[in-house]
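To start, the structure under review is shown below, and the notes come after it.
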């Protein structure tokens, strides 16, 4: 049922012909992104501050104890792929550059805004990764909120997952609207 609701919402927003009329959705998606990342960071700080930290070492998971050497290599590649997937901003950047006028002031402002946005995102990603590893060590889950190991407070986890859903509604439109414009 959640996927059907998501699809209906996307069909509704896809009918809006001008992407600039969806600026509220983009702003809301950005706020939701900061909200769920902040919740994840706070939930990771809690066990670290409480003294419950996971077992870690300098080389990560010990080969032969929990995983084979091949599994460790594949997990490393998967982690690099997850990082690359998180930075899917390049396709949006091309669309942004396409809509810019040639005035130097506008280009300079957009470069600055892009730099601040990517830097802030990088800061949050690194903080989430480091604090998640500090909290859970080698047993750190792959999914930041759903497998995070927290069972209380349920409402906070549910709110963070709702923030992710709202963020994805906006993100889909950011990626889909240029395609709709191209097709039309």
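Numbering (full-length UniProt numbering), first residue to last: 1 to 184.
From the three backbone atoms N, C-alpha and C, an ideal C-beta is built for every residue, glycine too.
Residue i in three-state terms, based on DSSP
i, result
"residue 80", "helix"
"residue 116", "helix"
"residue 65", "coil"
"residue 145", "coil"
"residue 7", "helix"
"residue 15", "coil"
"residue 1", "coil"
"residue 88", "coil"
"residue 51", "coil"
"residue 104", "helix"
"residue 153", "coil"
"residue 134", "helix"
"residue 46", "helix"
"residue 176", "helix"
"residue 140", "coil"
Residue of the options minimising C-alpha distance to residue i
i, options, result
"residue 36", "169, 153, 145 and 176", "145"
"residue 43", "175, 137 and 128", "128"
"residue 88", "137, 5, 4 and 117", "117"
"residue 175", "5, 2, 10 and 4", "10"
"residue 47", "184, 181, 134 and 141", "134"
"residue 81", "108, 26, 142 and 96", "142"
"residue 180", "16, 7, 5 and 153", "16"
"residue 34", "121, 178, 106 and 177", "121"
"residue 178", "112, 4 and 22", "22"
"residue 184", "29, 77, 18 and 5", "18"
"residue 98", "49, 26, 182 and 159", "182"
Cβ shell of residue i (< 8 Å), same chain only, five flanking positions each side left out
i, result
"residue 32", "163, 164, 166, 167 and 170"
"residue 2", "165"
"residue 96", "110 and 114"
"residue 25", "13, 169, 170 and 173"
Close Cβ partners of residue i (< 6 Å) along its chain, the five nearest in sequence each way excluded
i, result
"residue 13", "173"
"residue 69", "63"
Cβ-Cβ separation, residue j to residue i (assumed contact under 8 Å), whole Å
i, j, result
"residue 114", "residue 93", "6 Å"
"residue 63", "residue 72", "6 Å"
"residue 79", "residue 125", "Between residue 125 and residue 79 the Cβ distance is about 12 Å, and since that is not below 8 Å, they are no contact."
"residue 156", "residue 39", "6 Å"
Own chain partners of residue i with C-beta closer than 7 Å, once the 5 adjacent residues on each side are dropped
i, result
"residue 41", "127, 128 and 131"
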